[in-house]
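According to the numbering used here, the sequence shown holds residues 8 to 154 in order.
Cβ atoms here follow ideal geometry from the backbone N, Cα and C, with glycine treated the same way.
Report on one structure; see the data block that follows.
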Amino acid sequence: MAVSDSREVLIEATPEEILDVIADVETAPDWSSQHQGAEILDTVEGGRPGRVKLKLKTMGIADEQVVQYEWTDSTAGWTLISSSQLKTQDAKYTLTPDGDKTRVKFEITVDPAVPIPGFVLKRAMKGGLESATDGLRKQVLKVKKGS
C-alpha cells in the first residue's frame, strides 16, 4: 500500500543554490543518514543528474535503487526505475522564493514491495523527511559558507 508524506523547511539561500546541492547527489551520504552511496549513470540537459543508482539503508532495511531525476528552475524530483524493496517511489522538491530565503516543500510517495509494519514504515518516512529537509538545509548552509 502506497504511503505519502510531505514536509516544509525555510532555507536561507536562493533556489539555484539549493538545486545545486540537490544535484550534487554523490555528496548525499554526507548529509542524509539513509544514503550509503550514489552514482550518476547519466545526465540530462544542463548537466544535472538523470539516472542515478543509490544505495540506501533505513531502519535496518538495505536497498539499491535506480531513479530518474527531473529538473526545472523551481523543482527537483525523481521516479523509481528499479528497487529491491519498493514497487514505486516518487519524490519532489518544490522551491518557492520567500524574500531572501526559499521555502522548500518535499513530498514523497512510496509503495513497499514487501509487507512492512506500519510503525516501521512511518519511522522510516519520518527519518527520510528529516534528512530531505533539515539535512538539506544544513548542507546548503555549509556549502554557502564554503566549508
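- Annotated three-state conformation of residue 19 is coil, per DSSP.
- Pairing residue 125 with residue 41 gives a Cβ-Cβ distance that is not under 8 angstroms.
- Cα atoms of residue 131 and residue 12: separation of roughly 11 angstroms, rounded to the nearest angstrom.
- The Cβ-Cβ distance between residue 70 and residue 89 does not fall below 8 angstroms.
- Leaving aside the five residues that flank residue 127 on each side, the residues in its chain whose CB is nearer than 6 angstroms to its CB run, in chain order, 66.
- For residue 144, the enclosing alpha helix (DSSP H) begins and ends at 143-152.
- Around the beta carbon of residue 59, a 10 Å sphere encloses 16 or more other beta carbons of the protein chains shown; the residue is thus reported as buried.
- By alpha-carbon distance to residue 82, the top candidate from 33, 29 and 44 is 29.
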